[in-house]
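Counting from 0, one number per residue, gives the positions in the sequence shown under numbering that gives the first Met the number 0. Okay, so here's the structure we're looking at.
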Amino acid sequence: MTVRPTVMQMLRRLAWGAALAVAVAAPLRAEEATDCLSEDWNRRIAGCTSIIENPTTKPPERAQAYSLRALSLSLKGQYEDAVRDYDEAIAIIPNFAVALNNRAWAYFKWGRGPQGLGDVEKSLQLNAFSEHTWDTRAHIRQTMGNFTGAFADYERAANLGGERMVKLYQCGLASQRLYQGRMDGRYTEEVRAALRTCAHSKTCDPLPADEECREPTS
Numbered sequence: 000m001t002v003r004p005t006v007m008q009m010l011r012r013l014a015w016g017a018a019l020a021v022a023v024a025a026p027l028r029a030e031e032a033t034d035c036l037s038e039d040w041n042r043r044i045a046g047c048t049s050i051i052e053n054p055t056t057k058p059p060e061r062a063q064a065y066s067l068r069a070l071s072l073s074l075k076g077q078y079e080d081a082v083r084d085y086d087e088a089i090a091i092i093p094n095f096a097v098a099l100n101n102r103a104w105a106y107f108k109w110g111r112g113p114q115g116l117g118d119v120e121k122s123l124q125l126n127a128f129s130e131h132t133w134d135t136r137a138h139i140r141q142t143m144g145n146f147t148g149a150f151a152d153y154e155r156a157a158n159l160g161g162e163r164m165v166k167l168y169q170c171g172l173a174s175q176r177l178y179q180g181r182m183d184g185r186y187t188e189e190v191r192a193a194l195r196t197c198a199h200s201k202t203c204d205p206l207p208a209d210e211e212c213r214e215p216t217s
C-alpha cells in the first residue's frame with residue numbers, strides 16, 4: 000500500500016490518541032510535562048526522556064512518557080525505536096489502548112503490519128468506539144489481503160468518525176481518482192463505492208496527504 004508519510008497525516012494517525020494521551024499525562028511535572036507534550040518532536044523526546052529517567056517518576060507517568068516519546072520517534076520515521084518505547088509503556092500499563100493502537104500503526108508504517116494485528120484488536124476490545132483504531136485495523140487487514148474485512152473496518156471508522164473522518168476519506172479517495180464529489184463529510188453511496196474499491200487494492204490508501212486536505216478538514 001502506498002502511504003504518503005506527510006507530517007500531518009502521521010500526526011493524525013499517531014496522535015489520534017493524542018487527546019487521550021494529553022489527558023492521561025496531566026499529572027506529569029510542569030516543565031517536563033510541557034516539553035513532553037511539545038509539538039516539536041526533538042523537544043518532546045528530550046522532555047519525555049527526562050521524565051523516564053527521573054527515579055521519582057511513578058509508573059503510570061513513566062508509561063505515558065514512553066508512549067509520547069514513541070509518538071515523536073514514529074513521526075521521525077524511527078519505527079523500531081518507537082516500538083521499543085511502546086513495549087515499555089504497555090509493559091507498565093497492559094491495557095493502554097492508545098499505546099496499543101499506536102504501536103500497531105508503528106508496525107504498519109515499519110512494513111510489519113501483521114505484527115500489529117494483535118495490538119489493534121486488543122485496543123478495539125478496550126475501546127470499540129475509536130474510529131482511528133478501526134482505521135488502523137483496516138489498513139493492516141488491507142495489506143494482508145483481507146479486503147472484505149478492511150472495507151468493513153473503514154466503514155465502521157467512517158460511521159464512528161462522522162463528518163471529519165468522512166471528509167478525510169473523501170479527500171484521500173479524490174486523490175486516488177476514485178471520488179469526484181463534494182468534500183462535505185456525507186457518507187453517500189458514491190463515497191461508499193469509492194471506499195470499497197480502494198479497500199480492495201493493496202496499493203490504495205483512502206487517507207490523504209494532509210496538504211491536499213487541510214482546508215476541507217479544518
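Glycine is no exception: its CB is placed at the ideal position from the N, C-alpha and C atoms. Treat the numbers as computed from the prediction; the structure is a model and nothing was measured.
Measure from the C-beta of residue i to each C-beta in chain B and report whether the shortest distance is under 8 Å.
i	result
residue 96	Judged by its chain identifiers, the structure shown contains no chain B, having just a single protein chain.
Mind checking which residues open and close the alpha helix (DSSP H) that includes residue i?
i	result
residue 150	146-174
residue 140	130-142
residue 196	188-198
residue 228	Limits of the chain in this structure are 0 at one end and 217 at the other, which puts residue 228 out of reach.
residue 49	40-52
Using the rule of at least 16 other Cβ atoms within 10 Å of the residue's Cβ for burial, across every protein chain shown, is residue i buried or exposed?
i	result
residue 25	At residue 25 the pLDDT is 44, less than 50, meaning the model places this residue with poor confidence and gives no usable figure here.
residue 202	exposed
residue 205	buried
residue 185	exposed
residue 160	buried
residue 132	buried
residue 57	exposed
residue 54	exposed
residue 86	exposed
residue 124	exposed
residue 107	buried
Taking DSSP as the reference, what is the three-state secondary structure of residue i?
i	result
residue 71	helix
residue 113	helix
residue 108	helix
residue 90	helix
residue 126	coil
residue 33	helix
residue 179	coil
residue 207	coil
residue 201	coil
residue 61	helix
residue 185	coil
Under 8 Å, do residue i and residue j count as touching if we go by C-beta distance?
i	j	result
residue 37	residue 43	yes
residue 67	residue 40	no
residue 142	residue 112	yes
residue 70	residue 100	no
Contact between the region 191-210 and the region 168-181 (3+ Cβ pairs under 8 Å): yes
Three CB pairs or more closer than 8 Å across the region 129-136 and the region 110-121: yes
Touching by the beta-carbon criterion (3+ pairs, under 8 Å), the region 91-99 and the region 59-79: yes
Segment contact, 8 Å Cβ cut-off, at least three pairs: the region 98-117 with the region 149-158: no
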